[in-house]
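Visitor: Each residue of the sequence shown is one higher than the last, beginning at 53 in our numbering.
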Amino acid sequence: MSNTVRDATPNVALYNLPDAAGLTQRELAEALNKMAHEFGEVPSVEANHVSRWERGAIGRPRPAHQRMLARIFEVSIEELGFTRPRQAPTTGPITDASDALDFAMIDGRPVLTDPTVDRSQDG
C-alpha cells in the first residue's frame, strides 16, 4: 500500500481493461457489487475504490475482488497486475517437489500458486 500519491504505482492493466470494455469506474463498481454474493462478499465497492486501485493509491483489491475483476474481464489475476513477477529457475530441473510451483485453476484459467506460501498461510 502506498503512503503518498507520489509513491503510488499505477496499475496500467486495471486502468486499460475497463477503458477497452467501455466501462466507467462507476459501472465497474456496480458490476463488482452485483457479483459480490457469488464470492461471499457484501456489496461494498464504490467508483472511488476502482479509481484508487487503478492509481495504486490504496494497494490492491482484496483477493475476492481480484477474482471478480478477473472474471469480468476474462483474464487471469496475473494479467490484472496483482501478482509479483516470478523468476523461473535457471540452474536446471527442480529436485525437491516441495519447491515446485503449482498451477491452480480459478474461473477456468491457470493461476500460479506457491506451495511454500500456502504452507505458511495454513499455520
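Quick reminder that beta carbons are idealized off the backbone N, C-alpha and C, glycines included. Values in this document were obtained by computation on a predicted structure and should not be read as measured data.
Under the three-state reduction of DSSP, which class applies to residue 84: helix, strand or coil?
Guide: In the structure shown, residue 84 sits in a helix (DSSP, three-state: H, G or I).
Visitor: So, for residue 99: in the same chain, excluding its five sequence neighbours on each side, which residues have a beta-carbon less than 7 angstroms away from its beta-carbon?
Guide: 77, 78, 81
Visitor: Determine the DSSP secondary structure at residue 66, reduced to helix, strand or coil.
Guide: helix
Visitor: Helix, strand or coil: which one does DSSP assign to residue 134?
Guide: coil
Visitor: Can you tell me whether residue 127 is helix, strand or coil according to DSSP?
Guide: coil
Visitor: Measure the CB-CB distance between residue 60 and residue 114 and report whether it falls below 7 angstroms.
Guide: no
Visitor: Pick helix, strand or coil for residue 98, following the three-state DSSP scheme.
Guide: Residue 98 falls in the coil class under three-state DSSP.
Visitor: How close, in whole Å, do the beta carbons of residue 122 and residue 132 come, if the pair is a contact with beta carbons under 8 angstroms?
Guide: Contact between residue 122 and residue 132 holds, since their C-beta atoms are separated by about 6 angstroms, short of 8 angstroms.
Visitor: Could you tell me if residue 71 is buried or exposed, where buried requires 16 or more neighbouring beta carbons within 10 angstroms of its beta carbon?
Guide: exposed
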